[in-house]
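Visitor: Chains as they are written, first to last, in the numbering used here: chain A, 62 to 346; chain B, 62 to 346.
Rendered as structure tokens:
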């Protein structure tokens, strides 16, 4: 249980990714999200458990070297085999290239950037197809990209092909989305948060919950901004900063965010990806 | 969420088995066991999550038709990739033949009995090898079977071979163990409990927690008897019977059992196996 043990993980990358999905929902309190102690009205803890189980096949394909798009679409399709709706779409978008990089023996900003830059138009098409399995809250795209609104699903594929857009180019065009920013920036926030988790003490789910509040306080959440606007997003960030380090206050914030319908989901995605990196780097459970 | 939907499961048998491991630990309160709301001192919730992840490979081998012993030993070895010790050995002993039966298209008392009766001396040897991965609390064997004490691990294999004992014969000789009783009795308790879970209402983890208390009240727990003797086991059963149906009283019982070191683990094993059968038969999550 030491903070930054260098013991290699006993698990495969796909297993660590599945475990990261589970640890992420086990950490509590994670204000505004489903966690070990909190369900939302139609989205419950067990939906995340089933989502993690269903994601396994796609994650194993990523480990085996399948194209990012193929592995991601398969993971999302399996994840969706539960009645809660979208549980882990964003986490999987981060995990799949990270699992590819780990399986290739280079889980680092350079290693994952190499995976990102190798994506093709076919990967972009599979990414769009994955949106047909779930309702994902996204911003309207810029005017000149309206044919490429992800909510169009596979209807956007001809336009993708016409313009020859790869998945990394689609991500680079997705301004203001926290997960897309990780893709274009060598997963800087993910690796930074992974090191924070490793440097912390105590059981893994507790570290993850603390990392969640820290990240929300430092960076805010793009899903909150998409759903509620920049003012609410700034306010949520301020409240997280005020509460962090005070267990009782964080627990209150968890009640408040749920009551207000505030769901910092992008922060949960990033912390899940960071948990994966931490597990690969020897965080023990 | 209806009680006994006949919708076929969207998951494979190995996925349903992994989900059953997770739902079993998510159900609360399960007096005396780790659950969504309770950790024991050195055995925490996340150890069960990691145990379920690590069990996946062995469960997939069972689904693909690997011998019961091979699949079980592999599942236990993967399960043990966490620092909590024995989390799900007993559940896996029940799940592996059930997954085999489900994959063969006959998940019924007859179907699983066919799998049990087809086990060989090699399966028995792998079963003994699996004990080397974990500390499992068991009773002393009868005098004439002391060479076959499971705690001897692979040291017992020559004796197994000499006597030509199959795994089903080893189970039949394990008097007084609840899991072995399921093996020799067509998994009667498992199938009965699965139907109780399906006939109940509400979220799957809640149904599982209620089934746990009912089973403990009706049948007692053989792990409690092994560790604490028949009088304590009878007392535990009586207290479960008194508490059942009263949520507050069951929650108190959870605190009391933990304080007293009472861990009805065999009941948790059976309820986990029953959750698998219920999922295969259409219980939705």
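Every residue, glycine too, gets a C-beta built ideally from N, C-alpha and C.
Taking 7 Å as the threshold (C-beta atoms), are residue 278(A) and residue 302(A) in contact?
Guide: Against a cut-off of 7 Å, the Cβ pair of residue 278(A) and residue 302(A) comes out as a contact.
Visitor: Quick check: is the beta carbon of residue 194(B) nearer than 7 Å to any beta carbon in chain A?
Guide: It does not: the Cβ of residue 194(B) has no partner Cβ on chain A nearer than 7 Å.
Visitor: From 241(B), 169(B), 213(B), 181(B), pick the residue whose C-alpha is nearest to that of residue 189(B); which is it?
Guide: Residue 189(B) has its Cα closest to that of 213(B), out of 241(B), 169(B), 213(B), 181(B).
Visitor: With DSSP as the reference, label residue 216(B) as helix, strand or coil.
Guide: Helix, per DSSP.
Visitor: Run through DSSP, which three-state label would residue 187(B) get?
Guide: Note: residue 187(B) maps to helix in three-state DSSP.
Visitor: Is the Cβ-Cβ distance between residue 281(B) and residue 331(B) less than 7 Å?
Guide: No, these two residues do not count as a Cβ contact at 7 Å.
Visitor: Kindly indicate the opening and closing residues of the alpha helix (DSSP H) around residue 95(B).
Guide: Note, residue 95(B): premise wrong, no alpha helix (DSSP H); not H, not E.
Visitor: Looking at residue 210(A): is its Cβ nearer than 7 Å to the Cβ of residue 202(A)?
Guide: In contact: residue 210(A) and residue 202(A) (Cβ atoms closer than 7 Å).
Visitor: For residue 201(A), which three-state DSSP category applies?
Guide: If DSSP states are grouped into helix, strand and coil, residue 201(A) belongs with coil.
Visitor: Within 10 Å of its beta-carbon, does residue 222(A) have 16 or more other beta-carbons around it, so buried, or fewer, so exposed?
Guide: So residue 222(A) ends up on the exposed side.
Visitor: Rank 237(B), 179(B), 290(B), 92(B) by C-alpha distance to the C-alpha of residue 325(B) and give the top, closest one.
Guide: It is 92(B) whose Cα lies nearest to the Cα of residue 325(B).
Visitor: Ignoring anything shorter than 4 residues or poking outside the stretch 138-169 of chain A, list the alpha helix (DSSP H) runs there in chain order.
Guide: Complete alpha helix (DSSP H) runs here, min 4: 150-164.
Visitor: Looking at the structure shown, is residue 407(A) part of a helix, part of a strand, or coil, going by DSSP?
Guide: With chain A covering 62 to 346 only, the question about residue 407(A) has no answer from this structure.
Visitor: At a Cβ threshold of 7 Å, is residue 315(B) touching chain A?
Guide: Not closer than 7 Å to any Cβ of chain A, the Cβ of residue 315(B) fails to qualify, so no.
Visitor: Listed from N- to C-terminal order along the chain, which residues in the stretch 66-89 of chain B have their beta-carbon within a distance smaller than 8 Å of any beta-carbon of chain A?
Guide: So the list reads 71, 72, 76, 79, 80, 83, 84, 87, given in the order they occur along the chain.
Visitor: Quick check: the Cα distance between residue 180(B) and residue 159(B), rounded to an integer number of angstroms?
Guide: Looking at the two C-alpha atoms, the distance is approximately 13 Å.
Visitor: Would you call the CB atoms of residue 114(B) and residue 133(B) closer than 7 Å?
Guide: Taking 7 Å as the Cβ cut-off, residue 114(B) and residue 133(B) do not qualify as a contacting pair.
Visitor: I'd like the list of long-range same chain contacts for residue 151(B), defined as Cβ closer than 7 Å, with 5 residues on each side in sequence excluded.
Guide: These residues qualify, in order along the chain: 240, 326, 327, 330.
Visitor: In chain A, what lies closer than 8 Å to residue 106(B) by C-beta?
Guide: Per Cβ cutoff of 8 Å: 87, 97, 266.
Visitor: Confirm, please, whether the CB-CB distance from residue 184(A) to residue 130(A) is below 7 Å.
Guide: Closer than 7 Å, so yes.
Visitor: Check the Cβ of residue 111(B) against every Cβ in chain A and list those closer than 7 Å, keeping chain order.
Guide: Neighbours of residue 111(B) on chain A, chain order: 80, 346.
Visitor: Report the three-state DSSP secondary structure of residue 253(A) (helix, strand or coil).
Guide: Residue 253(A) falls in the helix class under three-state DSSP.
Visitor: Should residue 275(B) be labelled buried (16 or more other beta-carbon atoms within 10 Å of its own) or exposed?
Guide: Answer is buried; the Cβ neighbour count reaches 16.
Visitor: Assuming residue 112(A) is part of the alpha helix (DSSP H), what are its boundary residues?
Guide: Unbroken alpha helix (DSSP H) run through residue 112(A): 106-124.
Visitor: Any idea what DSSP makes of residue 248(A), helix, strand or coil?
Guide: DSSP places residue 248(A) in coil when its eight states are reduced to three.
Visitor: In the stretch 137-167 of chain A, which residues sit with their C-beta less than 9 Å from some C-beta in chain B, listed in chain order?
Guide: So the close ones are 139, 141, 142, 143, 144, 145.
Visitor: Output yes or no for whether 7 Å exceeds the beta carbon distance between residue 148(A) and residue 109(A).
Guide: Yes, Cβ-Cβ distance for residue 148(A) and residue 109(A) is below 7 Å.
Visitor: DSSP three-state call for residue 180(A): helix, strand or coil?
Guide: The answer is coil: DSSP assigns residue 180(A) none of H, G, I, E or B.
Visitor: Which residue wins for smallest C-alpha separation from residue 182(A), given the options 306(A), 217(A), 162(A)?
Guide: Here the closest residue by C-alpha is 217(A).
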